[in-house]
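K.L.:
Whatever position you read off the sequence shown (first residue = 1), add 515 for my numbering. Have a look at this one.
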Amino acid sequence: MNQRFFFNFLFLLALVSFGHKASSQVLQDYTNDWETGKDESWVSPNDRLVLPLDLKTFPLANIAFEFPEKSVVFIGEKLWVYSQADTTFSRSIMDLSKEFGTDEIELTVFKKGISLGDASVKKVLKPKAEKSLGKSEGELVMQQREFNRQDLRDFYFVAVFVILLIMAFYKVAYPYLFASMIRPDSLITAEDFSDTGSLQKFFSMDVLFYILMVNLMAALVGVIGLVFYRIEWLEVWFGVDYNSLISLWLIGTFGFFLLTMIKFVGIRVFAYLFDLGKLEFAHFFYLLRLVVMTVATLVLIIAFFLVNDFSASKEAIGVSLSAFFWVYIIGVLGLFFIMMNRLSFKKYHLFTYLCIAELVPFLIIAKWIMILGQ
């Protein structure tokens with residue numbers, strides 16, 4: 516009788532111990548604490564989950580994270596994790612508290628169409644054994660990045676402020692030229708094709724200074740596009756902190772300036788080969804007006820989304836660049852009709868000239884940009 520009682524006691528003790536171990540593994544489950552994005556609507560569906568995370572309780576425990584594929588995770592304003600595939604990993608609470616210098620953090624998971632239950636966060640006593648995912652497998656599944664959204668905003672608005680200062684100086688120094696270059700009706704009246712056009716010399720200080728302003732705006736849009744579409748390249752070659760972005764912007768401005776010089780020289784060469792006389796000035800400055808108005812609009816659109824809806828910035832940039840593509844194509848088509856009406860050249864002659872001087876180079880560059888954005 517005593518033996519039977521002893522074995523029953525051992526059996527019950529084993530069951531209790533096993534149950535205690537299984538139940539104490541998860542100290543706190545945050546499944547029901549996730550919140551969806553506040554701006555969710557039928558037009559703009561939710562694309563993020565938000566979780567306030569307390570690091571004060573169970574400071575010696577670990578936090579187990581599970582994120583779906585193609586998700587971007589922010590802690591506060593810092594881009595923390597980019598998950599290329601379904602990802603599971605654990606971090607010590609003490610390490611997290613030390614890394615972010617606070618006992619309370621806000622976790623935000625961005626993914627198009629994400630819903631409650633797609634991400635999981637639990638405080639656990641001991642993390643499960645996890646498979647090591649290394650670069651040797653050919654794909655890095657989880658990347659932790661030192662990217663701060665506030666650095667990007669600071670860079671962007673400092674750059675916009677610098678551009679506005681230069682524009683103000685230019686308006687004072689060259690008021691007539693400044694006013695003529697920003698008038699939308701100049702695209703319809705095509706005053707550059709008249710003998711009294713405001714721009715008759717390319718390598719003059721007023722024109723070069725104006726082209727510099729345009730290139731500053733174009734380079735700014737380009738840097739923001741790289742941040743959202745090719746951030747891994749920036750991290751490897753430049754960095755994504757404030758100083759690195761400023762340096763990249765200045766380098767990009769210089770690069771765009773050189774491309775502009777090459778473009779004008781190319782137009783001049785093709786105009787000479789097609790025996791079009793002094794057409795290169797009117798051609799170049801007509802499209803420059805179009806570019807300046809369109810790029811300025813892009814700068815304003817990006818500024819709006821960086822401040823009001825950061826998560827939608829990437830999509831807004833993609834749509835804006837697509838719109839720029841079609842606006843430029845329409846501009847070239849408009850240039851063709853203007854040249855056809857103002858100049859005594861055959862249609863196929865002008866069409867061939869515009870294809871070689873404008874459409875082919877533009878489509879090649881657009882193709883490169885599309886590849887970068889994939």
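Cβ atoms here follow ideal geometry from the backbone N, Cα and C, with glycine treated the same way.
Round the Cβ separation of Ile-629 and Leu-564 to the nearest angstrom and send it over; I've been treating them as touching at under 8 Å.
P.N.:
Rounded, the Cβ-Cβ distance is 6 Å, consistent with contact.
K.L.:
Could you check the C-alpha separation between Ile-844 and Leu-874 for me, to the nearest Å?
P.N.:
Roughly 8 Å between the two C-alpha positions.
K.L.:
In the DSSP assignment, the alpha helix (DSSP H) including Gln-540 goes from what residue to what residue?
P.N.:
No alpha helix (DSSP H) holds Gln-540; DSSP gives it neither H nor E.
K.L.:
Within this structure, are the beta carbons of Thr-768 and Ala-734 separated by less than 8 Å?
P.N.:
The answer is yes: Cβ separation under 8 Å.
K.L.:
Please report the Cβ distance between Leu-622 and Leu-566, rounded to the nearest whole angstrom; I am assuming they are in contact, meaning their Cβ atoms lie under 8 Å.
P.N.:
Sure, about 4 Å apart at Cβ, within 8 Å.
K.L.:
With a Cβ-Cβ cutoff of 8 Å, do Phe-724 and Tyr-691 count as a contact?
P.N.:
Their beta carbons are not under 8 Å apart, which means Phe-724 does not touch Tyr-691 by this criterion.
K.L.:
On the criterion of 16 or more Cβ atoms from any shown chain inside 10 Å, does Arg-745 qualify as buried, or is it exposed?
P.N.:
It is exposed - the Cβ of Arg-745 has fewer than 16 other Cβ atoms within 10 Å.
K.L.:
Specify the secondary structure class of Thr-623 as computed by DSSP and reduced to three states.
P.N.:
Thr-623 falls in the strand class under three-state DSSP.
K.L.:
Taking DSSP as the reference, what is the three-state secondary structure of Asp-569?
P.N.:
Looking at Asp-569 - three-state DSSP - the assignment turns out to be strand.
K.L.:
Span of the beta strand (DSSP E) holding Thr-617?
P.N.:
Neither: Thr-617 is in no beta strand (DSSP E) and is coded neither H nor E.
K.L.:
In whole angstroms, what is the alpha-carbon distance linking Lys-637 and Lys-627?
P.N.:
C-alpha separation (whole angstroms): 23 Å.
K.L.:
Helix, strand or coil for Ser-556, going by three-state DSSP, please let me know.
P.N.:
Because Ser-556 carries a pLDDT of 41, less than 50, the predicted location of this residue cannot be relied on, and the following value inherits that uncertainty. DSSP places Ser-556 in coil when its eight states are reduced to three.
K.L.:
So, with DSSP's three-state summary, where would you put Lys-593?
P.N.:
Strand at Lys-593.
K.L.:
Just the C-alpha distance for Val-639 and Ala-600, rounded to the nearest angstrom, thanks.
P.N.:
Looking at the two C-alpha atoms, the distance is approximately 23 Å.
K.L.:
Does DSSP put Ser-859 in a helix, in a strand, or in coil?
P.N.:
Ser-859 falls in the coil class under three-state DSSP.
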